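I have placed the structure first, in the form of structure tokens, so that the comments after it can refer back to it.
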Amino acid sequence: MFILDNAFILFRRAMSTVLVFLISLSYPLGLNIDFQGVRYDKKSFVSYSFYDSTRKIQMNEYLEKNKTYDIHLARNETEACQIVIRSRNKSNSNKYSVEFTEFKNENGDILKSTINEEHYINCASIRDFGTYPDALVPIARIKEYTLASQINWPFYIQVQADESTPAGTYTAQVIVNRLKGDGDLQLIADVSATVWDFDLPAAPTMDTAFGLNRHYIQKVHNSAGTPGLTQELYEQYYEHLLQRKISPYTLPVDILSNQADAYMSDPRVKSFRLPYPGNDALLQQYYAKVQSNPDWAAKAYFYPIDEPWGLEDYARYNAITDRLDRLCPGYNMVTPFGGLSFKEDGQTYYGAYLQAKSNIVCPISSNFSDKKFLSQMDERRADGSKIWWYICCAPNPDTKYPNIFTQSDGIEGRILMWQQKMVNVTGLLYWDTTYWNNVVSPWASAWTTPWTGDDTFSDGSLFYPGSNEPLSSLRLEYISDGIEDFEYLTMAEELFGRDYVDKKIKKVVNTLEDYTHKDTCLAQVRLEIGYDIEARLAQ
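First residue of the sequence shown: 769, per the working numbering; consecutive thereafter.
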């Protein structure tokens, strides 16, 4: 269904590369045919273009001519767009000031916004896959830059509306001046944000469980000798995920401590992992603590074994669940598994059935392409189990399934949640967000898990370490935006029925391997849903 559209997108990008190359050939000849992007006037040394938040812009990519942009969001939501600024080759000075004004409505109310400079990350293993924008570094509203000629400089403009934000339109400008003499104006670009008159739930509807590794945070921040700093950093990373509607595996403090109570009661926390110690009495202590509060008990889960495969692994699984049956009756447990089935001794075994004691069923996302497997998931839903799914180094980049590798199209990280709604999956598990064991720093190398392949860039890594703080990535923001899209689809289903939602999803997703790569298409369907929700709730 989307094969031809996606092929045309690839063709346009290829032609864009050719066009940029041809333009570069004209420079030594003294020709000025650099007509990329939007120019404020004919004398401007700078051009620009706006893009949807999911569009990854290459350093030397041909700039489109998107003159303005209107971000749309509900209350309790964060949304973004991008502006790419480019210094033209014939500029006499490459030094500029770039200013981003506040978003204000006609009453002078200010909509919260942050500006991030996008940093390019090298994707190289035994092969060089190029550089891609990913790291997001917050910047001041006015900053001076030396913009290298013929290079794209992308900025990520992010706005946030809370429960008290008035609905309506907020406007801002991007202003660039050349720093030469008294300076002269190079561009004024208008950008706006429309806040719809409805709220997304303060507590996320969708379940999440993401790894957050204290050890590697300590490693890259050099805080081994200062445990207080390590704790402070972990809390910052933890809060950063919660603000993006993602629940980390592990609480910042021990569950048995009094300090844990506030974390477990936080409505933003959808789930947390219970320790699985070898000591029976300690295990029962942990379980008794969470069982003392129904809200905590619903969020808490055990995760003592990962991706069992084969009868030997399932013998361990059975020993674990027998122990939990005995010591922690009524427990929740998740056990991610890849593959549909395995064979031993001439017999076929299915993970969906072998994991009868795991009431959070969590297969790899690609399993849901199999019709027989979908029937198995229906059976597990019928027995009261939750159905999650997970991604990791798989599905790998050679497949057509969406994933969040650095070199993946940005739309993949967001459309994953549209697919999730399509197959009636209610949660997403991701194994780690700070796995930096095999790299000195994720700034220097994106090849975080070399044993998984030569192209699984940034697998298990969604953060970049700042000086003493976490910095986000485009990929983390795509996941967060997808979670908020899941809220739109859930609200729409409640208001208009499942048929409405299926028709909207069909505009962007056909199957798990056949979906649009056109950023404007996804943005347009989201707009349709947002306006429909606003109109219905206004009645």
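All C-beta atoms in this analysis are idealised placements derived from N, C-alpha and C, irrespective of residue type, glycine included.
Quantities reported herein were computed from a predicted structural model and do not represent experimental measurements.
- Sequence-distant partners of Thr914 (beyond 5 residues in either direction) whose C-beta falls short of 7 angstroms from its own C-beta, in its chain, are Asn862, Lys863.
- The criterion of a C-beta distance shorter than 7 angstroms is satisfied by Tyr1054 and Pro1043.
- In terms of Cβ geometry, Leu1001 and His989 form a close pair [threshold 7 angstroms].
- Put simply, the backbone Cα of Leu1305 is about 15 angstroms away from that of Leu1295.
- Straight-line spacing of the CA atoms in Ser1240 and Ser1226 works out to 13 angstroms.
- Boundaries around Ile1183 are those of the alpha helix (DSSP H), 1178-1190, since no beta strand (DSSP E) includes it.
- In the structure shown, His1285 adopts coil according to DSSP, grouped into three states.
- Counting other Cβ atoms within 10 Å of its Cβ, Gly1114 stays below 16 and is therefore classed as exposed.
- Of the candidates Ile825, Ala1120, Ile894, Ser1060, the residue whose Cα lies closest to the Cα of Ile919 is Ile825.
- Met1185 and Met974 have their C-alpha atoms spaced approximately 9 angstroms apart.
- Here Ala1028 is near Val1021, since their CB atoms are less than 7 angstroms apart.
- Under a 10 Å Cβ-count criterion, Gln804 is classified as buried, with 16 or more other Cβ atoms of the shown protein chains found around its own Cβ.
- Excluding five sequence positions before and after Val1277, the CB atoms of its chain that fall closer than 7 angstroms to its own CB belong to Ile1183, Trp1186, Gln1187, Met1190, Tyr1283, given in chain order.
- The C-alpha of Ser1229 is placed about 35 angstroms away from the C-alpha of Ala1049.
- A distance of 7 angstroms or more separates the beta carbons of Gln941 and Phe813.
- With a 10 Å radius around the Cβ and a threshold of 16 neighbouring Cβ atoms, Tyr1121 comes out exposed.
- Per the Cβ contact rule, the region 1142-1156 is not in contact with the region 1248-1256 (fewer than 3 Cβ pairs under 8 angstroms).
- With distances taken between CA atoms, Thr1288 lies nearest to Tyr837 out of Ala1087, Asn828, Tyr837, Ser792.
- Bridge pairing for Asp1081: absent [DSSP].
- Taken atom to atom, the span from the alpha-carbon of Val944 to that of Val1293 is near 33 angstroms.
- DSSP lists Asp820, Ile925 as the bridge partner or partners of Cys849.
- Selection Phe868, Trp1219, Phe978 evaluated against Gln926 yields Phe868 as nearest (Cα-Cα).
- By the Cβ criterion, the region 965-972 is not in contact with the region 1005-1012, since fewer than three pairs of Cβ atoms, one from each stretch, lie closer than 8 angstroms.
- Within the DSSP bridge table, the entry for Phe871 names Leu879 as partners.
- Around the beta-carbon of Gln850, 16 or more other beta-carbon atoms lie within 10 Å, marking it buried.
- Straight across, the Cα-Cα distance linking Val866 with Ile1132 is about 44 angstroms.
- DSSP places Asp1223 outside any beta strand (DSSP E), giving it a letter other than H or E.
- Annotation: Asp1177 to Val1102 spans about 29 angstroms, alpha carbon to alpha carbon.
- Counting only runs of 4 or more residues that sit fully inside the region 1096-1151, the alpha helix (DSSP H) segments are 1119-1122, 1139-1150, in chain order.
- Taking Ser784 as the centre and dropping the five residues before and after it, the same chain places the C-beta of Glu829, Tyr830 closer than 8 angstroms to its C-beta, in chain order.
- In terms of Cβ geometry, Tyr984 and Thr1202 form a close pair [threshold 7 angstroms].
- Taking C-beta atoms as the reference points, Asp902 and Thr1174 count as a pair closer than 7 angstroms.
- Proximity of the region 1191-1200 to the region 1263-1279 falls short of the contact definition, fewer than three beta-carbon pairs being nearer than 8 angstroms.
- The residue from Trp1219, Trp1215, Glu1261 with its alpha-carbon nearest to that of Phe897 is Trp1215.
- Of the candidates Val963, Arg781, Phe779, Asp802, Asp802 places its Cα closest to the Cα of Leu790.
- In the DSSP annotation of this structure, Thr937 is not part of any alpha helix (DSSP H); the continuous beta strand (DSSP E) holding it starts and ends at 936-946.
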